[in-house]
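Counting in my numbering, the sequence shown runs from 2 upward without gaps. Reviewing the structure listed below.
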Amino acid sequence: MKHTWIAAVAALAFSAGTLALAHGDAPEKGKAQKKIISKEEKAFGREGDPKKVSRTIKVDMADTMRYSPSALTVRQGETVLIEAKNSGKVMHEIVLGTMKELKEHAELMKKHPGMEHDEPYMAHVAPGKTEEIVWQFTKAGEFDFACLIAGHFDAGMMGKVKVTAR
Ligand SMILES: [Cu+2]
């Protein structure tokens with residue numbers, strides 16, 4: 002009896018190991034672990050260096066299709082860690098961008114609901130989980146963030162980031 006139990010545990014451990022392998026190079030602990038930082042400048046900034054994070058901003062996502070807070074203020078040049086928590090029971094995401102880009106992206110998501118993408122300015126968060134975005138807001142202005150999962154954007158799951166000039 003004891004042997005059967007040990008065998009079952011070993012089998013479980015083995016399958017867990019295989020699962021981790023199947024995951025490939027998927028980041029396990031969010032973007033903060035990534036070594037190569039993209040130099041690409043977007044209208045709303047660039048990927049941030051985790052070592053230069055000056056502030057952590059917590060954003061909660063709920064099945065009411067709302068973010069809280071839904072309005073963020075950062076200083077131009079500031080690198081922030083956005084900690085996005087999904088308190089809901091369905092998948093949510095937070096995608097930084099300009100309203101124009103986000104609208105286009107949301108339309109694309111409607112046509113291809115299973116579309117997989119991962120960029121430094123977005124985090125897909127499973128129910129009960131927390132994921133991180135490290136972003137440097139290099140330009141002053143008003144930007145947006147939204148959940149582009151089909152139906153969520155249309156339900157108003159969006160927020161604003163105000164970047165104040167330094
Ligand atoms: Cu959502």
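Just so you know, even glycine gets a beta-carbon here, dropped at the ideal spot from N, CA and C. If you're wondering where the values come from, they're calculated on a predicted model, not measured in any experiment.
Task: beta-carbon H153 near ligand 1 non-hydrogen atom, thresh 8 Å - done: Numbered from its first residue, the sequence shown carries residue 153 at position 152. Under cutoff, so the answer is yes.
Task: Given M62 as reference, the closest of S88, G157 and I150 once Cα atoms are compared - done: Against the sequence shown, residue 62 aligns to sequence position 61. Ranked by how close their Cα comes to the Cα of M62, the residues S88, G157 and I150 have S88 in first place.
Open item on the list: Please tell me whether H153 and M66 are closer than 9 Å, where the distance is taken between their beta carbons.
Closed with: Numbered from its first residue, the sequence shown carries residue 153 at position 152. Numbered from its first residue, the sequence shown carries residue 66 at position 65. Taking 9 Å as the cut-off, the Cβ atoms of H153 and M66 count as close.
Task: Three-pair Cβ contact test at 8 Å for the stretch 137 to 149 versus the stretch 85 to 102 - done: At 8 Å Cβ cutoff, the stretches touch.
Open item on the list: Judging by CA-CA distance, which residue of E132, V75 and P121 is the nearest neighbour of A166?
Closed with: Within the sequence shown, the letter at position 165 stands for residue 166. Taking only the C-alpha atoms, the option nearest A166 is V75.
- [ ] Report buried or exposed for M116, applying the criterion of at least 16 other Cβ atoms within 10 angstroms of its Cβ.
- [x] Translated into the one-based positions of the sequence shown, residue 116 becomes position 115. By the Cβ neighbour-count rule, M116 is exposed, with fewer than 16 other Cβ atoms within 10 Å of its own.
Open item on the list: Between I83, M159 and F45, which has its C-alpha nearest G98's C-alpha?
Closed with: Mapped onto the sequence shown, residue 98 falls at position 97. Taking only the C-alpha atoms, the option nearest G98 is F45.
Task: Any non-hydrogen atom of ligand 1 within 8 Å of E94 CB - done: Here the question's residue 94 lines up with position 93 in the sequence shown. Yes, the Cβ of E94 comes within 8 Å of a heavy atom of ligand 1.
TODO: Report, in whole angstroms, the separation of the C-beta atoms of G160 and L73, which I expect to be a contact under 8 Å.
DONE: Mapped onto the sequence shown, residue 160 falls at position 159. Mapped onto the sequence shown, residue 73 falls at position 72. Right, the Cβ-Cβ distance comes to about 7 Å (below 8 Å), so this counts as a contact.
Task: beta strand (DSSP E) segment containing H125, residue limits - done: Position 124 of the sequence shown, counted from the first residue, corresponds to residue 125. In the DSSP assignment, H125 falls within the unbroken beta strand (DSSP E) covering M123 to V126.
TODO: Please report how far the alpha carbon of P114 lies from the alpha carbon of Q137, in whole angstroms.
DONE: Taking the sequence shown and counting its residues from 1, the one referred to as residue 114 is at position 113. Taking the sequence shown and counting its residues from 1, the one referred to as residue 137 is at position 136. Spanning the two alpha carbons is a distance of roughly 29 Å.
TODO: Helix, strand or coil for L22, going by three-state DSSP, please let me know.
DONE: In the sequence shown, residue 22 corresponds to position 21, counting from 1. Low confidence applies here, because L22 scores a pLDDT of 42, under 50, leaving its location unreliable; read the following figure in that light. Note: L22 maps to helix in three-state DSSP.
TODO: If I'm right that K86 touches T131 with Cβ under 8 Å, what's the distance once you round it to whole angstroms?
DONE: As a working mapping, residue 86 is identified with position 85 in the sequence shown. As a working mapping, residue 131 is identified with position 130 in the sequence shown. Contact flag correct, Cβ pair sits at about 4 Å.
TODO: For G129, I'd like the list of residues in its chain whose CB is within less than 7 Å of its CB, leaving aside the five on either flank, ordered along the chain.
DONE: What you label residue 129 is simply residue 128 of the sequence shown in a count that begins at 1. Here G129 has N87 as same chain residues with Cβ atoms under 7 Å from its own Cβ, once five neighbours each way along the sequence are excluded.
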